[in-house]
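Under the UniProt record's numbering, the first residue of the sequence shown carries the number 1, and numbering increases by one thereafter.
In this text, a Cβ means the ideal position worked out from N, Cα and C, and glycines have one as well.
Quantities reported herein were computed from a predicted structural model and do not represent experimental measurements.
Single-structure report; data block below.
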Amino acid sequence: MTSQEIKENAKKYVLQSWSRQGGLDPIPVEKAEGIYFYDYDGNRYTDMSSQLVNMNLGYGNPDIGEAIKKQVDQYCFIGPSFAAESRVTLAKMIIDLLPDTFGKVFFTNAGADANENAIKIARMYTGRKKIFSRYRSYHGSSFGAGNLTGEPRRYPLEPGIPGFIKFFDPYIYREPIEFKSEEEATNYYLAKLREQVIYEGPDQVAAIVIETITGSNGIIIPPKGYLPGVRKICDEFGIVMICDEVMAGWARTGKMFAFENFDVVPDLVTFAKGVTCGYVQLGGVAVSSKIAAYFDDHVLSCGLTYSGHPLACAAGVACVNYYTKANILDNVNKVGKVLGEKLEEFKEKHACVGDVRYIGLFSCVELVKDKKTKEALVSYGKDPEGIMSKIVGLLKARKFMTYSHENMIFVCPPLIITEAQLTEEMEKMDEVLGIVDREFL
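Below, the structure written as structure tokens:
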């Protein structure tokens, strides 16, 4: 097909996520390499969001490609009840990366069903039904994960499943209370959470589920002591603590798993995205040894045809090996420092930048109309002039490819990006933010 035929057929036959279908203008992609992809006219685009924050190791990685080819030659699929080398190898690798309290992995197809199965495991293990999660969260769009989700993308699933309880994130930038310190904010949010657990009946609460670092709802980094405080509440009431590491895991924050930044160990960890970096879809739930042992004598009522798909697991083994081989954590911390410095410069320089939040190569720029009042440039679902789309379009015109959510622009490039590449791209963002200062405020 020609480039135009590909585009027209995409518009005619494919439903695109989270979009009004009329007026879509998808870019036909011919090839991709490293942190770049190319259209059929030879234009090069820089992937500054790692697609959907999943292409951690970029495009065309030969190690991953060869592992997939080798597995194809052996066999592509054998059911979950059989022992497959790539499946058991990846499971062991994941457990070896986690604290020694972890024992087993249940593999899924992606992040949404990882979260679906995590809450099922918690309910079966505790015999309780209620699940706590946060308002500013996205855990997937399937029915269970969509009810777990707190932000407005859950609305089409309502009225939802009984027993899903929401609480507020420690979103200090938007909190009307003036906290003297992070610790003061932590004490406030934890006290409200504990009170809510008590009012819901602690003996009814199976799990508290949190994105270790809130992802698409603003890269909200927990204040000092917050996650250990949640752990303490869970221990007090016998509640399972689940960390959703679908987006924040796999070296994105400068640690292999984001919870390692915060002196806390959850009971369950859900993962996807960076475990295979988009080469083949895969997700999973890492389970503590204590919870895994419960299912030695109780039926694990979880099942998927493609659980631990051998081809996906082969890609996962290659990815996990490459994180070490290429010293990806070192690169994330080195280049992430430069990213943080650039973002802080933007915050000082541009009237439209209210806040910047970053850890490793996981960051966003929050846009405001007024720095003093913190009035958002747009509010969720209320952007009749399409301001955020225009801003993303200005970046796209400069071949800086990313996405927005609410009033935030995300900068989450592949973890293989160099300092020189990052600097080149952030100059484009600097230019666009200058246009926002002049034309959108």
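**OP:** Could you give the DSSP three-state label for Met408: helix, strand or coil?
**Re:** strand
Original post:
Taking the Cβ atom as the reference point for each residue, do Lys371 and Leu377 lie within a distance shorter than 8 Å?
Top reply: no
Original post:
For Asp370, does the three-state DSSP call read helix, strand or coil?
Top reply: DSSP places Asp370 in strand when its eight states are reduced to three.
**OP:** Would you check if the distance between the CB atom of Ala118 and the CB atom of Leu304 is smaller than 8 Å?
**Re:** no
Subject >> Boundaries (first-last residue) of the alpha helix (DSSP H) holding Thr324 >> reply: 310-325
**OP:** Would you check if there are 3 or more beta carbon pairs closer than 8 Å linking the stretch 242-262 to the stretch 81-90?
**Re:** The stretch 242-262 is not in contact with the stretch 81-90.
Subject >> Rounded Cβ spacing between Val246 and Phe271 (contact assumed at less than 8 Å) >> reply: 6 Å
Original post:
Looking at C-beta atoms only, is the number of pairs between the stretch 281-291 and the stretch 99-108 that lie closer than 8 Å three or more?
Top reply: yes
Original post:
Just checking my contact of Ala67 with Val317 at CB under 8 Å: how many whole Å lie between their CB atoms?
Top reply: 6 Å
**OP:** Using the Cα positions of Ile391 and Cys76, report the straight-line distance between them to the nearest angstrom.
**Re:** Cα to Cα, the separation comes out at about 43 Å.
Original post:
When burial is assigned at 16 or more other CB atoms within 10 Å of the CB, is Ala293 buried or exposed?
Top reply: By the 10 Å Cβ count, Ala293 comes out exposed.
Subject >> Pick from Asn54, Lys31, Val53 that is closest to Asn43, judged by C-alpha positions >> reply: When only C-alpha atoms are compared, the closest one is Lys31.
Original post:
Closest by CA to Ser301, which one among Phe82, Val353, Met124, Tyr13?
Top reply: Met124
Original post:
Do Val275 and Cys319 have their C-beta atoms closer together than 8 Å?
Top reply: Pairing Val275 with Cys319 gives a Cβ-Cβ distance under 8 Å.
Original post:
Leaving out five residues before and five after Asp63 in sequence, what residues of the same chain have Cβ atoms less than 6 Å from its Cβ?
Top reply: Ala318, Tyr322
**OP:** Measure the CB-CB distance between Arg252 and Phe362 and report whether it falls below 8 Å.
**Re:** In this structure, Phe362 lies closer than 8 Å to Arg252 by Cβ.
Subject >> Ser137 beta carbon less than 8 Å from that of Asn217 >> reply: The beta carbons of Asn217 and Ser137 sit closer together than 8 Å.
Original post:
What are the complete alpha helix (DSSP H) segments, minimum 4 residues, inside the stretch 21-80?
Top reply: 50-53, 62-74
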